[in-house]
Amino acid sequence: MSILKARETILAGAILALLLLIATRFPAFVSPGNLAAVFNDTSPLILLALGQMVVILTKCIDLSVAANLALTGMCTAMLNIAFPGLPVAALLLIAVALGTVMGMINGLLVWKLDIPSIVVTLGTMTIFRGIIFLISEGKWVNSHEMSDAFKAFPRAELLGLPMLSWIAIVTVAAFFVLMTRTALGRAVYAVGGNPNAAVYTGIDVGRTRFAAYTISGALAGLTGYLWVSRYAVAYVDIAGGFELDTVAAAVIGGVSIAGGIGSVAGAVLGALFLGVIKNALPVVGISPFWQLAISGAAIILAVAFNAKAGKTKGRIILRKAETAA
Amino acid sequence: MLMQTDTRADTRPDPAVMARPTPVLALDGITKTFPGVRALSNVTLKLYAGEVTALVGENGAGKSTVVKTLTGIYQPSAGRILLDGKEIRFASAQAAADAGITAIHQETVLFDELSVAENIFLGHAPRGRFGLIDWAQTHARAREILQGIGSDLAPTARLRDLGIASKHMVAIARALSIDARVVIMDEPTAALSHKEIHELYELVDTLKAQGKAILFISHKFDEIFRIADNYTVFRDGQFIGDGRIEDTDNDALVQMMVGREVAHVFPKRSPSHGDDVLSVTDYSHPTEFEDISFSLKQGEILGFYGLVGAGRSEVMQSLFGITRPSGGAIRIDGAAQQIRSPAEAIAAGIVYVPEDRGHQGAITALPIFQNVTLPSLGRTSRRGFLRLAEEFALARQYCERLELRAASLDTELGTLSGGNQQKVVIAKWLATQPRVIILDEPTKGIDIGSKAAVHDFMAELAAQGLAVIMVSSEIPEVLGMSDRIIVMREGRMAAELSGDEMTPETLVRHAAGITQALTETRT
Amino acid sequence: MSLSHPIPDRLQSPLARRLKSWESLLLLVAVAIFVANCFASPYFLDAWNLSDATFNFTEKAMIAFAMALLVIAGDIDLSVASIIALCSTAMGAAVQAGVGTPGLVAIGLGTGLAAGAFNGALVTRLALPSIVVTIGTMSLYRGIAYIVLGDQAYRGYPDSFAFFGQGYVFWVVSFEFVMFALLAVVFGVLLHKTNFGRSVFAIGNNATGALFSGIRVQRVRFILFLLTGLMSGIAAICLTSRLGSTRPSIAMGWELEIVTMVVLGGVSILGGAGSIPGVVIAAFVMGLVTFGLGLLNVPGIVMSIVIGALLIGVIALPRLWSMLRWGA
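Shown next, in the form of structure tokens:
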């Protein structure tokens, strides 16, 4: 427990140190208002990183989340054009349902056909993107075509925070309960930690993975609507490459790619770390073109650090070594 | 018609069985087949409330398959499972657990990253409001169960930080956390110390007193006679016999197990040895072993005996270049050798037949001949290019020497039986023409016939001047094959025995670290 | 003590085995697509059109050969397209400094090798999973290209440099195609006819077992990453030469097409099985599909649906088939 906690403490410390460093030159960056803006900007990444975390915990990976997001986003935008009167609540529901279905497709292929997850989601990723092109005929849906209610929802403020931030906060809380207090949450850890033993424990490995993909898909669908309405634009390539950011956030947050290790707090902190860097770069006058390289380096450093911290010790046979260790 | 059924009913039961109550759990005519293999063939097994039934059989007798069938991991191909005399099907592991059947498995089927309490209650943790897991209660009940079996482990401790014996306690606690009627213990004492074993016996007595039916799988005969009420013997996936433990004895059981006279004839050998081939001095590792020194002559077989986890395999794997020692020296034919990788060990003439054949020894998806030639590719190839004809020739030479049975040399290794796979692994190493061959549990998990073949072959190798190290946990094998025996305990050499000192008593005493005679535990 | 009958070397002739293989099936598919294309478009059966079509896959296939070995050994390299970007950027920067064609080639190959070595070192020295490492270096390498170039582009490659991507060796046979064919043979021999190739299969099937058989596992894996980097460097030279310019987004998304090509070619994504002939045929299949749809004016993104479906389908169909046959 302590090791795991320590990992998150170190990351939280790193984020604080980063903020302090920026604050020495650009104090405005750490004003509450700006920090809230940074959090809001990072909310989509937090949402997707949580879904990605659940999938990675089961020893799988979901590379289709960004394509799922884009396809759901395009669908909601086009629905909005076709039926401007459709209430936002209905759109949200449709978005989550669409994303869930796409997640279930991934999950079924992994569960029933036992196809390696990286192959499945690489495939569905390109398929989902292709479908966006087919339904939109390659055209953009622009701001002026969307209804005001459609665009207003993520920005609507409640107690000083935009809806987008609130959705992220509620989801994080829900995930905390899901991962620590429910049978499914614990099954996810068991499946990734020791799939063999999970079978003996009466846990269905395939079904648990299916559930993980379903969750990841639902979150991608939800984020799809939020993304398109927030940026008020939908086209084939929105959130292109974002799937790697979600993996990066999870890995930086201490989620082991080998499964079974990771926490909600870690994934959220990993996403925030990337979010702070992304938002700080223009402020401190570094070209945003640095962002990609920095997140790449962060992934490598994080995974190297985690591997070192989690290195399993060999069997200790000698008595004196046991007492010394 | 009526007559016929009557006579059948009359001839069938014998009085002893008639008198017994209905078993809590019974297997009736269970058969389990896998593609190409019949793991269980029409077997019978009965477990009674408040009694311990020992399931006895050699490796490969079908014991693990029975456990997996009883716990819902496998579905039987034919036959019935009876719970309280009523037929039942276990569609999943969960279904078996729901029926009150729980198992403490041979392999630790636990989760390193989860806490002790969570390992105990995974899948059936106490729920609180909204069906959420109640951690406070989970921890409290875990502590309660652990204390009940005399363990003071903290429920919040992470499993990866625990030793093997503690993990075992967790596994037992998990089994008890399910309100079980049937407890299956699959070689529960294999990894336990002397003291822990006695605690386990007490635990078994407690469970018996609670009226639980216990299936106890063990290789250790003293243990079986100490705690079992009934026995059932399997051989090669078939039911051989069962009965009350007081009606049988050691020799009778062994004979049922192996299907022939107990005295396994080990090959006769003339102990004429040549010069020292291998000498190891003060060989040490930071955590695994210390001060290992011995020498080995041409034509000699040196046995390494010890309990599981005594560090024997660790020493051998280090000699073979898998792990780096922290100190000490290896000499071959008097010349100091630096061995930092298996490739260097092979070049120096040391080869290692590992215990974990499926994982370390055999590359099961590759054909037989490619397995054999893998370390010898330098000799069968020309300038790095493969020459298949040479490979087949080399593979044929050694496979035939070992009397391998296979359809062809390009058959996938994984399709062969355990004994034949072991022959291929040994052939692989002989093809490198080594000076020293290390065999780690060479007959573990292979059938009697192959076992004798491996023994004869070891003797033949030694007679041809190879220096042989044999790691074995089977006392008859160690005594029957070795010229000298080194006993290891907790990573150190506990004794080096030769001649008349080589008796079962001395081996066990040194391995367990008991200074006085063993008479008291025998009672 | 010899057996009454000796064990035969083989029960099935190598030819019979080959006829029943995945490669034969794939070859049939390739022929079918070829024939379908002939009927679908009158422009298809034109030597120059066919020659142009090969550019769809030659560069990707070069990398796919090395990737095939890497995947068979149980690893993966998702950074290959980013290595192209890095190599191309390095060459572009060198052009600005006035470096000539031989120097550019050396820089392209050297950068590829260095990038591959970095991947390999991280995977083998630090024992990190290759998929995460190369997701990281995928961002890092392309990120460096973005840092150097931003939204700019390098141009002004010397005329002699154009040969690699635009030159023809003989009639319609391009330099790239010759390179592709040559590398196919080199990698085919390396994988199927050498000790090195045998160890690749051994490692992919059971890395521990291979180590215990005296194979220098980490060294082989490192060399495979190095080779993949080198092939990415060669592909970068060809692609940069063909385009005549370098942007940081060069070869974006290629890693997926390359992995698809490898899996379509019958290489097991779990490692341990696969062949270079399979990858060669897969390259043709993907090239023909792309080219054929292109002639029918189907946009590129729609072809990605076909490729994605192919990727899943080729693995799913055999499994579905066996499920139906044996009963789920």
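Top line first, the protein sequences correspond to chains A, B and C. When you read off a place in the first sequence, starting at 1, and then add 63, the result is the number in the numbering used here. When you read off a place in the second sequence, starting at 1, and then add 372, the result is the number in the numbering used here. When you read off a place in the third sequence, starting at 1, and then add 520, the result is the number in the numbering used here. Glycine included, every Cβ here is placed at the ideal spot set by N, Cα and C. Quick caveat, the model's predicted, so the values are computed rather than measured.
Completely contained beta strand (DSSP E) runs for the stretch 660–724 of chain C, where each covers 3 or more residues: 688–690
Can you tell me which of the three DSSP states leucine 224 (chain A) falls into? If you number the first sequence from 1, residue 224 (chain A) lands on position 161. Strand.
Mind checking if leucine 790 (chain C) is an interface residue toward chain A, Cβ cutoff 9 Å exclusive? Residue numbering aside, residue 790 (chain C) sits at position 270 when the third sequence is read from its first letter. For leucine 790 (chain C), the answer is yes, since a Cβ of chain A falls inside 9 Å of its Cβ.
CB contact check: threonine 714 (chain C) to chain B, cutoff 9 Å: To locate residue 714 (chain C), count along the third sequence from 1; it is residue 194. Yes, threonine 714 (chain C) lies at the interface with chain B (some Cβ there is under 9 Å from its Cβ).
From the DSSP output, read off the bridge partner residues of leucine 397 (chain B). Translated into positions along the second sequence, residue 397 (chain B) becomes position 25. Paired residue(s): B:Leu419 and B:Leu455.
Does the CB of arginine 741 (chain C) have a neighbour CB from chain A at under 9 Å? In the third sequence, the residue the question calls residue 741 (chain C) occupies position 221. False, the Cβ-Cβ gap to chain A never drops below 9 Å.
What does valine 240 (chain A) touch in chain B if you count any residue whose Cβ is under 8 Å from its own? For the purposes of this step, residue 240 (chain A) is taken as the residue at position 177 of the first sequence. Residues of chain B passing the Cβ test: Leu504.
Using a beta-carbon distance below 9 Å, is phenylalanine 588 (chain B) in contact with chain A? For the purposes of this step, residue 588 (chain B) is taken as residue 216 along the second sequence, with counting starting at 1. Judged by the 9 Å Cβ criterion, phenylalanine 588 (chain B) is not in contact with chain A.
Taking 9 Å as the CB-CB limit, is arginine 767 (chain C) close to chain A? As a first step, residue 767 (chain C) must be located in the third sequence, where it is residue number 247. Arginine 767 (chain C) does not count as touching chain A.
List, in order along the chain, the chain E residues whose C-beta lies closer than 7 Å to that of phenylalanine 764 (chain B)? In the displayed structure, chain E is absent; the protein chains listed are A, B and C.
Contacting residues, own chain, Cβ-Cβ under 8 Å from alanine 421 (chain B) (five flanking each side not counted): If you number the second sequence from 1, residue 421 (chain B) lands on position 49. The residues are Pro393, Val396, Arg553, Gly583, Lys584 and Ala585.
Whether glutamate 485 (chain B) touches glycine 317 (chain A) by CB criterion (9 Å): As a position in the second sequence, residue 485 (chain B) is number 113, starting the count at 1. As a position in the first sequence, residue 317 (chain A) is number 254, starting the count at 1. Not in contact: glutamate 485 (chain B) and glycine 317 (chain A) (Cβ atoms no closer than 9 Å).
Report yes if the CB atom of leucine 587 (chain B) is closer than 9 Å to the CB atom of leucine 691 (chain B), and no otherwise. On the second sequence, position 215 is the one that residue 587 (chain B) refers to. On the second sequence, position 319 is the one that residue 691 (chain B) refers to. Not closer than 9 Å, so no.
Select from the stretch 429–452 of chain B all residues with a C-beta closer than 8 Å to any C-beta belonging to chain C, and list them in chain order. none
Three-state secondary structure (DSSP) at threonine 621 (chain C)? To locate residue 621 (chain C), count along the third sequence from 1; it is residue 101. Helix.
Are the Cβ atoms of glycine 434 (chain B) and phenylalanine 606 (chain B) separated by less than 9 Å? The residue labelled residue 434 (chain B) in the question sits at position 62 within the second sequence. The residue labelled residue 606 (chain B) in the question sits at position 234 within the second sequence. Yes; because the gap between Cβ atoms is below 9 Å, this pair is in contact.
In the DSSP assignment, find the beta strand (DSSP E) that holds glycine 807 (chain C) and state where it starts and stops. Within the third sequence, numbered from 1, the residue matching residue 807 (chain C) stands at position 287. That residue, glycine 807 (chain C), is in no beta strand (DSSP E); its alpha helix (DSSP H) goes 796–815.
Contact list for proline 526 (chain C) against chain B, beta-carbon separation under 8 Å: Position 6 of the third sequence, counted from the first residue, corresponds to residue 526 (chain C). Residues of chain B passing the Cβ test: Arg768 and Glu772.
Cβ of aspartate 812 (chain B) less than 9 Å from any chain A Cβ? The residue given as residue 812 (chain B) occupies position 440 in the second sequence. No, aspartate 812 (chain B) does not count as interfacial toward chain A.
Extract the residue ranges of the beta strand (DSSP E) inside the stretch 448–509 of chain B, only unbroken runs of 3 or more that lie entirely within it. 450–455, 458–460 and 473–476
Please list, in chain order, the chain B residues whose beta carbon lies closer than 8 Å to that of alanine 730 (chain C). Along the third sequence, one-based indexing puts residue 730 (chain C) at 210. Near alanine 730 (chain C) (Cβ distances below 8 Å), the residues of chain B are Ile735 and Leu746.
CA-to-CA distance, valine 799 (chain C) to phenylalanine 697 (chain C), given in whole angstroms: Start at 1 with the first residue of the third sequence, and residue 697 (chain C) comes out as number 177. Start at 1 with the first residue of the third sequence, and residue 799 (chain C) comes out as number 279. Rounded to the nearest angstrom, the two C-alpha atoms are 15 Å apart.
Helix, strand or coil for arginine 410 (chain B)? Go by DSSP, reduced to three states. Counted from its first residue, the second sequence places residue 410 (chain B) at position 38. In this structure, arginine 410 (chain B) counts as strand in the three-state DSSP scheme.
Limits of the beta strand (DSSP E) - the one that methionine 860 (chain B) falls within: As a first step, residue 860 (chain B) is located in the second sequence; it is residue number 488 there, counting from the start. Start and end: 856–861.
Which bits of chain A does phenylalanine 757 (chain B) rub up against, with CB to CB less than 8 Å? Sequence index remark: in the second sequence, residue 757 (chain B) carries index 385 (1-based). Those do not exist, as phenylalanine 757 (chain B) stays about 33 Å from chain A at its closest Cβ, beyond 8 Å.
Alpha-carbon to alpha-carbon, leucine 590 (chain C) and leucine 660 (chain C): For the purposes of this step, residue 660 (chain C) is identified with residue 140 of the third sequence, where counting begins at 1. For the purposes of this step, residue 590 (chain C) is identified with residue 70 of the third sequence, where counting begins at 1. Approximately 21 Å, taken between the alpha carbons.
Under a CB-based cut-off of 9 Å, is isoleucine 783 (chain B) close to chain C? Here residue 783 (chain B) refers to the residue found at position 411 when the second sequence is read from its first residue. As written in the sequence, residue 783 (chain B) is threonine, which differs from the isoleucine given in the question. Closer than 9 Å to some Cβ of chain C, the Cβ of threonine 783 (chain B) qualifies, so yes.
Using a 10 Å radius around the Cβ and a threshold of 16 neighbouring Cβ atoms, would you call arginine 537 (chain C) buried or exposed? Along the third sequence, one-based indexing puts residue 537 (chain C) at 17. Answer is exposed; the Cβ neighbour count stays below 16.
Checking the sheet assignment: what are the DSSP bridge partners for arginine 616 (chain B)? Start at 1 with the first residue of the second sequence, and residue 616 (chain B) comes out as number 244. Arginine 616 (chain B) pairs with B:Asn602.
Starting from the beta carbon of valine 183 (chain A), find every residue of chain C whose beta carbon is closer than 8 Å, and list them in chain order. For this step, residue 183 (chain A) is matched to residue 120 along the first sequence. Going along chain C in sequence order, the residues near valine 183 (chain A) (Cβ under 8 Å) are Ile832.
Quick one: give me the first and last residue of the beta strand (DSSP E) that glycine 896 (chain B) is part of. Any question about residue 896 (chain B) goes unanswered here, given that chain B covers just 373 to 895.
At a cut-off of 8 Å, would you count alanine 261 (chain A) as near the ligand HEM, judging by its Cβ distance to the nearest heavy atom? In the structure shown, the ligand HEM is absent, as is every other ligand, since no ligand is present at all.
State the Cα-Cα distance for the pair leucine 224 (chain A) and valine 327 (chain A), rounded to the nearest angstrom. Residue mapping note: residue 224 (chain A) aligns to position 161 of the first sequence, counting from 1. Residue mapping note: residue 327 (chain A) aligns to position 264 of the first sequence, counting from 1. Using only the alpha carbons, I get a separation of about 22 Å.
What residues in the stretch 590–615 of chain C have a beta carbon less than 8 Å from any beta carbon of chain B? none
Using a Cβ-Cβ cut-off of less than 8 Å, list which residues of the stretch 266–287 of chain A approach chain B; keep chain order. Ile266 and Asp267
Using only CA atoms, which one of C:Ser752, C:Asp529 and C:Ile743 lies nearest to leucine 642 (chain C)? Taking the first residue of the third sequence as 1, we reach residue 642 (chain C) at position 122. Nearest option by C-alpha distance: C:Ile743.
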